[in-house]
Amino acid sequence: MKVFVVDDEEVSLFITKRLVVFGGLAAEKDVHTFLSAADALSTLTGCSDEALPGLVLLDLSMPVMDGWHFLDVLATLRPAIREKCRIYILTSSLASSDQHRAAHNSMLSGLIHKPISLESISMLIAAGGAGVDAVEREDLV
Numbered sequence: 115m116k117v118f119v120v121d122d123e124e125v126s127l128f129i130t131k132r133l134v135v136f137g138g139l140a141a142e143k144d145v146h147t148f149l150s151a152a153d154a155l156s157t158l159t160g161c162s163d164e165a166l167p168g169l170v171l172l173d174l175s176m177p178v179m180d181g182w183h184f185l186d187v188l189a190t191l192r193p194a195i196r197e198k199c200r201i202y203i204l205t206s207s208l209a210s211s212d213q214h215r216a217a218h219n220s221m222l223s224g225l226i227h228k229p230i231s232l233e234s235i236s237m238l239i240a241a242g243g244a245g246v247d248a249v250e251r252e253d254l255v
């Protein structure tokens, strides 16, 4: 499965990619990292439907375009992107407002607290198929 990781912190990108690969969620060649949400959106819009990632791990707090803005723009793009790409927020925020907003955003499949762990990767895999439904939306609230 192809995975996009979007985070403005290089260390977080490195750790997340390593855990996605080490945890068996995706092969290294299938994990694509982006330091900006705008770059990730540009790549998504340029992908054919067959080349779209099955999973997007998205940081919330980024300069220029944050995770919420990314989701707003993504909602306006072709339906295949929204249908194929399961999106999980990766955040260090413990703010209840972020959790509430995530729980009520139909674009999201879940929220994972940073730093991501092998347990989080295992939960994604455990759901089967690519494991992208492991964190239930009800767990967000």
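Just so we're aligned, residue 115 is where the sequence shown starts under our numbering, counting upward by one. For each residue, glycine too, the CB sits at the ideal point set by N, CA and C. What you are looking at is a predicted structure, and each value in this text was computed from that prediction instead of being measured.
For this session: Classify K116 as buried or exposed, calling it buried when 16 or more other Cβ atoms lie within 10 Å of its own Cβ.
Result: With 16 or more Cβ atoms within 10 Å of its Cβ, K116 is classed as buried.
Problem set entry | Alpha carbon of F118 to alpha carbon of H183, nearest angstrom | If I take the Cα positions, the gap works out to 17 Å.
Problem set entry | Whole alpha helix (DSSP H) elements within the stretch 177-255, 4-residue minimum | Listed in chain order, the complete alpha helix (DSSP H) runs (minimum 4 residues) inside the stretch 177-255 are 181-188, 193-198, 210-217, 232-240.
Problem set entry | Collapsed DSSP secondary structure at L158 in the structure displayed | Under the three-state reduction of DSSP output, L158 falls in the helix class.
Problem set entry | Among S220, S207, L171, the one whose alpha carbon lies nearest that of F128 | Closest by alpha carbon: L171.
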